[in-house]
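**Student:** This note's numbering puts the first residue of the sequence shown at 85, with every later residue one more than the last.
Sharing a structure below in structure tokens format, with a few things to ask.
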Amino acid sequence: WQIPEGFDAAGFVAAAKANFISLQAAWDKADIPALRAMMTDTMLAEIQSQLAERAQLVSGPNTTDVVMLEAQLLGIEDLGEGYMASVEFSGMIREDMNAGPSPFREVWNMTRPKQGQMGWLVAGVQALQ
């Protein structure tokens with residue numbers, strides 16, 4: 085893993101943090117069009133399955149409060165037709181408004197094709213904690 089010379093890592097991390105918060109809000113609302121704009125088709129199918137499970141277990145809207153968020157670009161891999169960036173997110177989130185925040189740590193893999201105007205899409209999420 086490496087970060088290409090001249091790559092705006094700080095700008096990328098700032099955008100990744102904003103996307104993390106936007107994605108959490110879309111997850112809470114089960115906003116499929118918003119999620120589709122931020123994810124690969126494979127990741128969207130996985131999230132839709134999780135949303136269907138959540139709907140059976142929980143009635144009412146979900147609320148995620150991102151209390152603290154840190155992000156670090158781990159590296160960018162050249163996949164031939166595109167790139168994959170891995171970002172480690174950590175911090176504190178509250179999913180139950182009657183409880184305190186909980187720590188989390190996860191790595192998001194984001195992909196983007198080399199050709200065209202398509203931006204970075206979440207392709208995978210791995211919980212580390």
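C-beta atoms are modelled at their ideal positions from N, C-alpha and C, and glycine is treated no differently.
Quick caveat: nothing in here was measured; it's all calculated off a predicted structure.
How about LEU157 and GLU190: are their beta carbons less than 8 angstroms apart?
**Tutor:** Not a contact, by the Cβ cut-off of 8 angstroms.
**Student:** So, using beta-carbon positions, are GLN210 and GLY159 closer together than 8 angstroms?
**Tutor:** No, Cβ-Cβ distance for GLN210 and GLY159 is not below 8 angstroms.
**Student:** Between THR148 and GLN108, which are expected to be in contact by the criterion C-beta below 8 angstroms, what is the C-beta distance as a whole number of angstroms?
**Tutor:** Right, the Cβ-Cβ distance comes to about 5 angstroms (below 8 angstroms), so this counts as a contact.
**Student:** Do the region 86–104 and the region 160–169 make contact, defined as three or more Cβ pairs closer than 8 angstroms?
**Tutor:** Contact holds: three or more Cβ-Cβ distances are below 8 angstroms.
**Student:** How is TRP192 classed by DSSP in three states: helix, strand or coil?
**Tutor:** It is a strand residue.
**Student:** By the DSSP assignment, the beta strand (DSSP E) with LEU212 in it spans what residues?
**Tutor:** Per DSSP, LEU212 belongs to no beta strand (DSSP E) and is neither H nor E.
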